[in-house]
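Student: In the working numbering, the protein residues as written are 5 to 302.
By construction, the Cβ of each residue, glycine as well, lies at the ideal position given by its N, Cα and C atoms.
Submitted below is the structure of interest, expressed as structure tokens.
Right, dumping it as structure tokens:
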């Protein structure tokens with residue numbers, strides 16, 4: 005089945021920031037190579053299949069959720085494959101590329117007030133679901149346990165095996181926190197002394213799309229900050245610069261959150277002991293950000 009192609013992405017060394025003299029290696033999970041082009045394919049697949057298995061998602065229901073882009077694209081792709089209508093609520097300032105991809109898959113979009121951010125989209129989706137429970141399947145990616153479990157059972161296991169159990173540090177940003185929570189929980193079970201860091205924007209108002217400042221993550225979500233050994237703050241400008249560097253020096257044309265994750269990994273290189281193996285995540289492709297400021301000089 006085509007959905008079986010989701011996951012088992014390559015682990016790529018980021019040689020431009022690895023330190024060969026001290027044997028400190030940085031690797032990144034190439035999640036932009038998933039079926040619809042992002043790390044969110046894993047969670048969306050898990051939530052939709054869980055909905056079908058539980059009987060909550062039937063053929064007469066519409067898949068409904070709030071999204072800042074990538075999960076919405078994954079839902080739209082899954083709806084196309086499995087034969088479900090998809091309705092997505094998102095802030096109006098989401099990049100035009102992402103909106104067009106969702107529509108290309110056949111999804112419908114409700115745009116919410118950009119000033120309210122993802123919270124405005126979330127409130128709209130929840131309102132629609134509460135008003136019409138028989139019409140919609142509302143997985144709610146921000147509180148759905150299948151979200152983080154997708155990474156616990158797949159992404160983390162792949163990282164563990166691909167590093168041949170040598171991973172010492174893990175770092176990534178948090179949106180729903182599914183990737184961070186699932187990977188960290190599993191990796192620390194496999195090797196308790198692994199250090200796990202949250203890549204956090206240096207301001208609650210930032211331009212790293214798809215990522216939330218930890219203070220802005222819903223307290224009702226599954227986010228567990230106690231899993232983190234620390235946070236590494238990254239400015240929007242630093243994320244933009246690293247995104248450009250990854251394309252020009254490493255041949256990796258990825259999105260802004262990927263640049264931020266690698267920038268955080270680069271900071272870990274500065275204090276990690278010799279023989280460390282640092283792993284982060286390349287969340288999606290740069291093709292979704294041509295209209296964003298990061299590529300304004302192209």
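Just to confirm before moving on: does the CB-CB distance between residue 204 and residue 235 stay below 8 Å?
Tutor: Looking up residue 204 in the chain shown gives position 200. Looking up residue 235 in the chain shown gives position 231. For residue 204 and residue 235, yes; Cβs fall inside 8 Å.
Student: Would you say the segment 7-17 touches the segment 41-49, given that touching needs at least three Cβ pairs under 8 Å?
Tutor: Yes: at least three Cβ pairs fall under 8 Å.
Student: Does the beta-carbon distance from residue 216 to residue 186 come in below 8 Å?
Tutor: The sequence position of residue 216 within the chain shown is 212, counting from 1. The sequence position of residue 186 within the chain shown is 182, counting from 1. Contact flag unset, no.
Student: Output the distance between the C-alpha atoms of residue 18 and residue 132, rounded to the nearest integer angstrom.
Tutor: In the chain shown, residue 18 corresponds to position 14, counting from 1. In the chain shown, residue 132 corresponds to position 128, counting from 1. Near 43 Å, if we compare the C-alpha coordinates of residue 132 and residue 18.
Student: Looking only at its own chain, which residues have a Cβ that is under 6 Å from the Cβ of residue 102, when we skip the five neighbours before and after it?
Tutor: Working through the chain shown from its first residue, we reach residue 102 at position 98. Within the same chain, residue 102 has close Cβ partners 73, 292.
Student: Rounded C-beta distance between residue 122 and residue 70? I'm assuming under 8 Å.
Tutor: For the purposes of this step, residue 122 is taken as the residue at position 118 of the chain shown. For the purposes of this step, residue 70 is taken as the residue at position 66 of the chain shown. Between residue 70 and residue 122 the Cβ distance is about 6 Å, and since that is below 8 Å, they are a contact.
Student: Given this structure, state the Cα-to-Cα distance separating residue 296 from residue 245, to the nearest angstrom.
Tutor: Your numbering for residue 296 matches position 292 in the chain shown. Your numbering for residue 245 matches position 241 in the chain shown. Whole-angstrom Cα-Cα distance: 13 Å.
Student: Can you have a look at residue 29 and say buried or exposed, based on whether 16 or more other CB atoms are within 10 angstroms of its CB?
Tutor: Translated into the one-based positions of the chain shown, residue 29 becomes position 25. Buried is the call here.
Student: Could you give the uninterrupted runs of the beta strand (DSSP E) lying entirely in the segment 51-84, keeping only those of 3 residues or more?
Tutor: If we require 3 residues or more, the beta strand (DSSP E) runs fully inside the segment 51-84 come out as 66-70.
Student: Would you mind giving the Cβ-Cβ distance between residue 201 and residue 108, rounded to the nearest angstrom? I have them listed as a contact below 8 Å.
Tutor: As a first step, residue 201 is located in the chain shown; it is residue number 197 there, counting from the start. As a first step, residue 108 is located in the chain shown; it is residue number 104 there, counting from the start. At roughly 36 Å, the Cβ-Cβ gap does not stay under 8 Å, so residue 201 and residue 108 are not in contact.
Student: State the beta-bridge partners of residue 112 as determined by DSSP.
Tutor: Looking up residue 112 in the chain shown gives position 108. Paired residues: 91.
Student: For residue 36, verify whether its CB is less than 7 Å away from any heavy atom of the ligand SAH.
Tutor: As for the ligand SAH, it is missing from this structure, which has no ligand bound.
Student: Less than 6 Å between C-beta atoms, sequence neighbours within five positions excluded: which residues of the same chain meet that for residue 90?
Tutor: The residue you call residue 90 lines up with position 86 of the chain shown. The residues are 67, 79, 80, 83, 111.
Student: What runs of the beta strand (DSSP E), each 3 residues or longer, lie entirely inside the segment 202-261?
Tutor: The segment 202-261 contains these whole beta strand (DSSP E) runs: 234-238.
Student: Give the range of the alpha helix (DSSP H) segment to which residue 189 is assigned.
Tutor: Residue mapping note: residue 189 aligns to position 185 of the chain shown, counting from 1. It spans 182-194 - the alpha helix (DSSP H) in which residue 189 sits, taken as one unbroken run.
Student: Quick check: the Cα distance between residue 261 and residue 56, rounded to an integer number of angstroms?
Tutor: On the chain shown, position 257 is the one that residue 261 refers to. On the chain shown, position 52 is the one that residue 56 refers to. Cα to Cα, the separation comes out at about 31 Å.
Student: Confirm, please, whether the CB-CB distance from residue 289 to residue 258 is below 8 Å.
Tutor: If you number the chain shown from 1, residue 258 lands on position 254. If you number the chain shown from 1, residue 289 lands on position 285. Going by C-beta atoms, residue 258 is nearer than 8 Å to residue 289.
Student: Can you list the beta strand (DSSP E) stretches of 3 or more residues lying completely in the segment 266-300, in chain order?
Tutor: List check, beta strand (DSSP E) in window: 281-286.
Student: Distance check for residue 95 and residue 32, CA to CA, integer angstroms please.
Tutor: The residue given as residue 32 occupies position 28 in the chain shown. The residue given as residue 95 occupies position 91 in the chain shown. When rounded, the distance between both Cα atoms is 29 Å.
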